[in-house]
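**Q**
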Amino acid sequence: MNHPILVPVDGSGHAEKALAVAAQLAHASSAALYLLHVTEPPDDIGILAGASGQPFTEEWRRELARQNEERARETLDRARRAVDLAGLKVTELIREGRPADTILREANEIAADAIIMGSRGVSELKGMLVGSVSHKVMHSAQCTVITVT
């Protein structure tokens with residue numbers, strides 16, 4: 002069980018399919034699965050769209066962090082229910098940051114042999130505007146990247 006596979010999970014159907022592929026590979030090779038959910042920090046899209054920016058209070062930051070953690074747990078729980086992971090070593094990771102950068106950093110941190118991820122995530126509109134996460138990961142990862150449609 003010395004072959005870590007990182008599986009970014011964002012709640013999309015593509016991510017669930019990627020997890021199913023990763024589970025099949027892990028069963029065949031005794032690899033360990035690392036399920037990663039990345040929460041994004043609030044961005045300034047409102048300011049870019051012409052809205053007035055409101056400063057974040059510490060109380061608001063804590064509440065956003067709590068909500069992000071809750072949504073992340075729900076997303077990971079749904080992924081676990083959608084795919085048979087029985088008999089596999091599975092570690093769940095929740096991190097905050099920009100998705101592509103965070104995926105790449107975690108892959109290096111766990112010395113992943115592979116990243117298996119969906120080709121499209123839940124924020125497809127943002128992907129069209131600033132480039133897809135899977136595209137960025139494929140071109141920057143130090144390990145094998147498998148994208149699933």
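Under the numbering used here, the first residue of the sequence shown is numbered 2, with each subsequent residue one higher.
The C-beta atom is built at its ideal place from N, Cα and C for all residues, glycine as well.
Bear in mind the structure is a predicted one, so any value in this text is a computation, not a measurement.
Taking 6 Å as the limit between beta carbons, can you name the residues of its chain near threonine 92, skipping five residues before and five after?
**A** Locating residue 92 in the sequence shown gives position 91, where the first residue counts as 1. Closer than 6 Å at the Cβ level, and outside the excluded window around threonine 92, lie Tyr35.
**Q** What first and last residue would you give for the beta strand (DSSP E) that runs through leucine 77?
**A** By one-based count along the sequence shown, residue 77 stands at place 76. Not the beta strand (DSSP E): leucine 77 falls in the alpha helix (DSSP H), residues 59-83.
**Q** Compare the beta carbon distance of valine 39 and isoleucine 117 with 8 Å and say whether it is the shorter of the two.
**A** If you number the sequence shown from 1, residue 39 lands on position 38. If you number the sequence shown from 1, residue 117 lands on position 116. Against a cut-off of 8 Å, the Cβ pair of isoleucine 117 and valine 39 comes out as no contact.
**Q** With DSSP run on the structure shown, which of helix, strand or coil describes arginine 106?
**A** Numbered from its first residue, the sequence shown carries residue 106 at position 105. Three-state result, arginine 106: helix.
**Q** For the 8 Å Cβ check, are there 3 or more pairs between the region 57-71 and the region 14-33?
**A** Contact fails: fewer than three Cβ-Cβ distances are below 8 Å.
**Q** Count the other C-beta atoms from every protein chain shown that fall within 10 angstroms of the C-beta of arginine 74, then say buried if there are 16 or more, exposed otherwise.
**A** Your numbering for residue 74 matches position 73 in the sequence shown. Exposed: under 16 other Cβ atoms inside 10 Å.
**Q** Is it true that the CB of serine 133 sits closer than 8 Å to the CB of glycine 119?
**A** Against the sequence shown, residue 119 aligns to sequence position 118. Against the sequence shown, residue 133 aligns to sequence position 132. Against a cut-off of 8 Å, the Cβ pair of serine 133 and glycine 119 comes out as no contact.
**Q** Taking 8 Å as the threshold, find out whether the region 102-116 comes into contact with the region 135-147 through three or more Cβ pairs.
**A** These segments touch.
**Q** Thinking just about the alpha-carbon of each residue, which of Ala66, Ala80, His15, Asp114 is nearest to the one in arginine 96?
**A** On the sequence shown, residue 96 is found 95 positions in, with the first residue counted as 1. Checking every option, the nearest Cα to that of arginine 96 belongs to Ala66.
**Q** Given this structure, state the Cα-to-Cα distance separating leucine 77 from leucine 7, to the nearest angstrom.
**A** Reading the sequence shown from its first residue, position 76 is the one you call residue 77. Reading the sequence shown from its first residue, position 6 is the one you call residue 7. C-alpha separation (whole angstroms): 13 Å.
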